[in-house]
């Protein structure tokens with residue numbers, strides 16, 4: 001087993017290091033081996049272990065997270081904004097290990113991967129934190145609920161209007177997890193351009209809204225009241241009947257709205273329609 | 001400024017803690033304040049700071065990363081597999097801070113976000129590491145090069161054939177960053193089902209292939225030989241001429257292949273065609 005696969009609670013790490021330091025204070029021997037009690041060594045470097053997953057969660061105020069997501073967008077765009085909102089609050093409440101997480105790692109999701117228009121960064125970042133703070137059985141359900149929320153709700157919310165650069169903006173529903181679709185739909189109803197300051201402010205609000213909803217889901221998990229509610233919409237289920245697992249074709253994987261991309265007069269291609 | 005925004009090199013953290021422990025050994029006072037020299041406290045909890053971004057990079061062997069990506073897929077799927085391959089190798093070479101990164105955080109991207117078929121997890125995870133190990137000016141270029149590689153190359157590579165469960169598989173080009181499209185295209189040419197063990201093995205190889213290419217990009221960066229080569233394809237540039245920034249409509253953001261989704265007899269909707 002490799003060093004990185006061994007998990008050690010950081011609290012135990014601190015405790016062990018503290019205990020070791022006590023011993024060292026008595027013995028008077030201090031040096032490069034200080035962390036041997038809590039860390040593995042690969043011969044060349046000392047290594048601190050990642051805290052055991054899932055990381056401990058404490059309930060957050062979604063409205064604080066919402067405002068921080070908005071503010072964080074203007075520091076490092078959508079994915080960074082969402083992660084920063086959740087992790088800075090968890091750092092304040094839980095402390096370590098959240099305070100050791102490199103939030104700057106999550107800049108890359110901006111504009112759907114450095115501007116490519118793929119997956120929405122607010123969603124990408126929020127799901128990373130959902131994963132970090134919940135276990136193997138729970139995180140897929142939380143992720144699914146957040147994706148369903150994102151694709152079916154109207155954004156941006158009005159809850160940023162007290163401090164936003166552009167309060168009272170028109171809302172749109174993306175119907176998709178993709179930045180490209182989410183932005184295009186909003187530009188259509190707002191009449192604003194995709195690289196306008198108004199659209200940027202809309203996405204700043206969205207970073208906060210998605211992170212706030214993620215906090216709400218985690219709060220329910222903490223309370224023991226979270227229940228998975230998502231069901232695949234009938235229109236998607238119709239397509240999946242043949243194309244997904246168990247269907248005669250079984251040639252696709254996914255739960256997104258099929259007709260947003262496959263609207264190419266599909267009836268002509270489907271003998272059953 | 002909040003605690004989480006202050007950055008402290010973990011090497012300095014260890015050095016400071018070690019120095020403090022030396023002092024403690026002399027003074028004989030040891031307790032909860034052990035890490036005060038290297039950490040901030042929010043009053044309730046002791047917090048370890050994230051190491052300063054970007055994290056130090058040392059060149060990796062892409063073939064080692066490729067095999068680890070394949071193996072990691074079978075532990076935690078595509079996003080986890082790609083991150084584990086890169087981060088476990090960086091942990092072995094650099095040690096801390098990579099060894100403190102919670103790799104389990106990156107399970108959520110599996111199957112394009114818990115099976116939704118959105119962004120490919122291998123791409124999502126590899127880009128997170130590209131971001132972590134490069135600076136603000138460089139990471140968008142590395143991400144763009146990796147996305148271009150992913151969307152234009154044939155996968156899976158033949159380089160896993162010595163150990164793969166299903167060697168010699170047929171290859172396909174996705175033309176998209178999306179899991180759904182990538183899998184559907186491969187199922188079409190292979191005749192295999194989307195939830196088949198053969199398709200899973202194809203994606204295991206792909207996790208390794210994408211992580212290996214990311215390592216190659218970072219190696220070039222380390223050598224000072226990385227040069228951004230991506231240019232927007234002519235067909236996409238034609239659409240962007242009106243729809244992207246600077247165009248008369250300016251109503252979209254993105255660089256993906258337009259015609260994969262917008263193939264709805266678009267000439268009828270475009271007076272200029």
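Chains as they are written, first to last, in the working numbering: chain A, 1 to 273; chain B, 1 to 273.
Even for Gly, the Cβ is constructed at its ideal location relative to N, Cα and C.
> Taking Cβ-Cβ distances shorter than 7 Å, what residues in chain A pair up with residue 217(B)?
Replying inline: In the second chain, residue 217(B) corresponds to position 217, counting from 1. The premise fails here: residue 217(B) is roughly 13 Å from chain A at the closest Cβ pair, so nothing lies under 7 Å.
> Buried or exposed: residue 235(A), going by 16 or more other Cβ atoms within 10 Å of its Cβ?
Replying inline: Counting from 1 along the first chain, the entry for residue 235(A) is found at position 235. So residue 235(A) ends up on the exposed side.
>> Can you give me the C-alpha to C-alpha distance between residue 55(B) and residue 63(B), rounded to a whole angstrom?
In response: Position 55 of the second chain, counted from the first residue, corresponds to residue 55(B). Position 63 of the second chain, counted from the first residue, corresponds to residue 63(B). Whole-angstrom Cα-Cα distance: 22 Å.
> What residues from chain A crowd round residue 139(B), counting only those whose CB sits closer than 8 Å?
Replying inline: Counting from one through the second chain, the residue named residue 139(B) turns up at place 139. The answer, in chain order, is 107, 108, 114.
> For residue 143(B), which residues in chain A fall below 7 Å Cβ to Cβ?
Replying inline: As a working mapping, residue 143(B) is identified with position 143 in the second chain. In chain order: 108, 113, 114.
>> Output needed in chain order: residues of the region 190 to 202 of chain A with a Cβ under 7 Å from some Cβ in chain B.
In response: 193, 194, 195
> Residues of chain B with a CB under 8 Å from the CB of residue 255(A): which are they?
Replying inline: As a position in the first chain, residue 255(A) is number 255, starting the count at 1. Here the neighbours are 115, 116, 117.
> Using a beta-carbon distance cut-off of less than 8 Å, what residues from the region 176 to 189 of chain B approach chain A?
Replying inline: 177, 178, 179, 180, 183, 184, 187, 188
> At a Cβ threshold of 7 Å, is residue 42(B) touching chain A?
Replying inline: To locate residue 42(B), count along the second chain from 1; it is residue 42. Note that residue 42(B) scores 42 on pLDDT, short of 50, meaning its location in the model is unreliable; the coordinates nonetheless yield the value given after this. Interface residue, yes.
> Does the pairing of the region 64 to 74 of chain B with the region 201 to 216 of chain B give three or more beta-carbon distances under 8 Å?
Replying inline: yes
> What residues match up with residue 217(B) in a beta bridge as DSSP calls it?
Replying inline: Start at 1 with the first residue of the second chain, and residue 217(B) comes out as number 217. Paired residue(s): none; residue 217(B) is not in a bridge.
>> When you measure from the CB of residue 161(B) to every non-hydrogen atom of the ligand HEM, does any distance come out below 6 Å?
In response: Ligands in the displayed structure: none, and consequently the ligand HEM is not present.
>> Here's the rule: buried if 16 or more other CB atoms are within 10 angstroms of the residue's CB, otherwise exposed. What is residue 140(B)?
In response: As a working note, residue 140(B) is residue 140 in the second chain. Buried: at least 16 other Cβ atoms inside 10 Å.
>> Quick test of the definition: if touching needs 3 or more C-beta pairs under 8 Å, does the region 212 to 225 of chain B touch the region 183 to 191 of chain B?
In response: no
>> Check this for me: beta carbons of residue 131(B) and residue 109(B), under 7 Å apart or not?
In response: Taking the first residue of the second chain as 1, we reach residue 131(B) at position 131. Taking the first residue of the second chain as 1, we reach residue 109(B) at position 109. Against a cut-off of 7 Å, the Cβ pair of residue 109(B) and residue 131(B) comes out as no contact.
>> Pop quiz: residue 173(A) and residue 260(A) are said to be a contact at Cβ under 8 Å. What is the actual Cβ separation, rounded to whole angstroms?
In response: Counting from one through the first chain, the residue named residue 173(A) turns up at place 173. Counting from one through the first chain, the residue named residue 260(A) turns up at place 260. The Cβ separation is near 11 Å, so there is no contact.
>> Are the CB atoms of residue 230(B) and residue 153(B) within a distance shorter than 7 Å?
In response: Within the second chain, the letter at position 153 stands for residue 153(B). Within the second chain, the letter at position 230 stands for residue 230(B). For residue 153(B) and residue 230(B), no; Cβs fall outside 7 Å.
>> From the DSSP secondary-structure annotation, give me the bridge partner or partners of residue 119(B).
In response: For the purposes of this step, residue 119(B) is identified with residue 119 of the second chain, where counting begins at 1. Partner(s): 178(B).
>> Taking the alpha helix (DSSP H) that residue 243(A) belongs to, which residues open and close that run?
In response: Counting from 1 along the first chain, the entry for residue 243(A) is found at position 243. Counting along the chain, the alpha helix (DSSP H) containing residue 243(A) begins and ends at 234 to 243.
>> Please list, in chain order, the chain A residues whose beta carbon lies closer than 9 Å to that of residue 61(B).
In response: To locate residue 61(B), count along the second chain from 1; it is residue 61. Neighbours of residue 61(B) on chain A: none; closest Cβ ~15 Å, over 9 Å.
> Taking 7 Å as the CB-CB limit, is residue 102(B) close to chain A?
Replying inline: By one-based count along the second chain, residue 102(B) stands at place 102. Yes, its Cβ sits closer than 7 Å to a Cβ of chain A.
> How many angstroms separate the CA atom of residue 179(B) from the CA atom of residue 111(B)?
Replying inline: For the purposes of this step, residue 179(B) is taken as the residue at position 179 of the second chain. For the purposes of this step, residue 111(B) is taken as the residue at position 111 of the second chain. Taking the straight line joining both Cα atoms gives about 6 Å.
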